[in-house]
Structure formats: C-alpha cells, structure tokens
Amino acid sequence: MGATFKENLPDFRNSKVGDIIDKLIEFNIELEMYDPIVSQEEFLGEYSITLLQTPKMKAYHVIAICVAHDEFLKIGVDKIREYGSENCSIFDVKGMFEKSKVDWRLQLYANQMPFTFNFFVGLHLNVFMLLCTIGKGAANN
C-alpha cells in the first residue's frame, strides 16, 4: 500500500517502493499495488503494474504499508487487516500504527539507530521477502 516518494503527494519518482517492487518481481512474488494518490497511467507506464482501485477483501498473505498517506490512517489498520487472508502478516514500513496492531515495523528501528538505517532496510526487506515467499507457498497448497 503506497508507492509515492512522500506521503500525501502523487510523485513516485525516487520512491524506495520501486526497489521493493523490483525485488518482489525478481523473486516471482505475485504483487498487487494500491495507492489512491498516484496516477494510474503514470504508474503503469513506469512499472507495468496496474494499481488497484480498491484492495480486495481477504486476499493477501502479506500487506506492506510503505507510505504514510492520510488515506491509510483513515482506513485504519483493522480495516487493512481485513484485506488479508486468515494468517496475513502486516508490514508497517513507516510506523504509522501501534506496534501491537501490526506484525512488523521498520520505523521503530530506524528511529532508534539512524546510522544503521540501510542495514535495517535490507534486513526488513529480506524478512518481507521471506513472508511473501511463505505466503505464496501457503497459497499454492
């Protein structure tokens, strides 16, 4: 959820979400994206991915909230969790929601140790990839 460089703005140039997309595609992870602020046409042109108009209910094994859009706060983490399958993991990259409401948070570590930010981004991206892979395997069983 979220593809832009900065929350509440439509510009996705220089967004690190692009790195996550590239990695997921590299690992053959099935991917759907939702960002209510980004231009559908521009995003499709850049990543060859059609943004969802609305996330599907009970459809995802892993949900990554990558950008702190106000819209996501309005939806709320409880509603976002409803988009997930029964054992869905929620990865809150920006630390938007209470840590007790999500399964993984990146911002918590980044704020505590900013000099190791790249290490923790890499570590969490690997955990995220593992969760996606596990979820993909579970979906195929």
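328 is the number of the first residue of the sequence shown in my numbering; add one for each residue after it. All residues carry an ideal CB built from backbone N, CA and C; glycine is no exception. All of these numbers come straight from a predicted model, not from anything done at the bench.
Counterpart residues of residue i in DSSP-defined beta bridges
i           : result
residue 391 : 418
residue 432 : 419
residue 411 : 387
CB contact flag (residue i, residue j, <8 angstroms)
i           : j           : result
residue 385 : residue 422 : no
residue 334 : residue 391 : no
residue 347 : residue 415 : no
residue 404 : residue 428 : yes
Cβ neighbour criterion (16 or more within 10 Å) applied to residue i
i           : result
residue 419 : buried
residue 381 : exposed
residue 331 : buried
residue 354 : exposed
residue 362 : buried
residue 406 : exposed
residue 432 : buried
residue 329 : buried
residue 342 : buried
Minimum C-alpha distance to residue i - residue among the options
i           : options               : result
residue 336 : 353, 397, 374 and 357 : 397
residue 409 : 379, 427 and 387      : 387
residue 368 : 426, 338, 428 and 383 : 338
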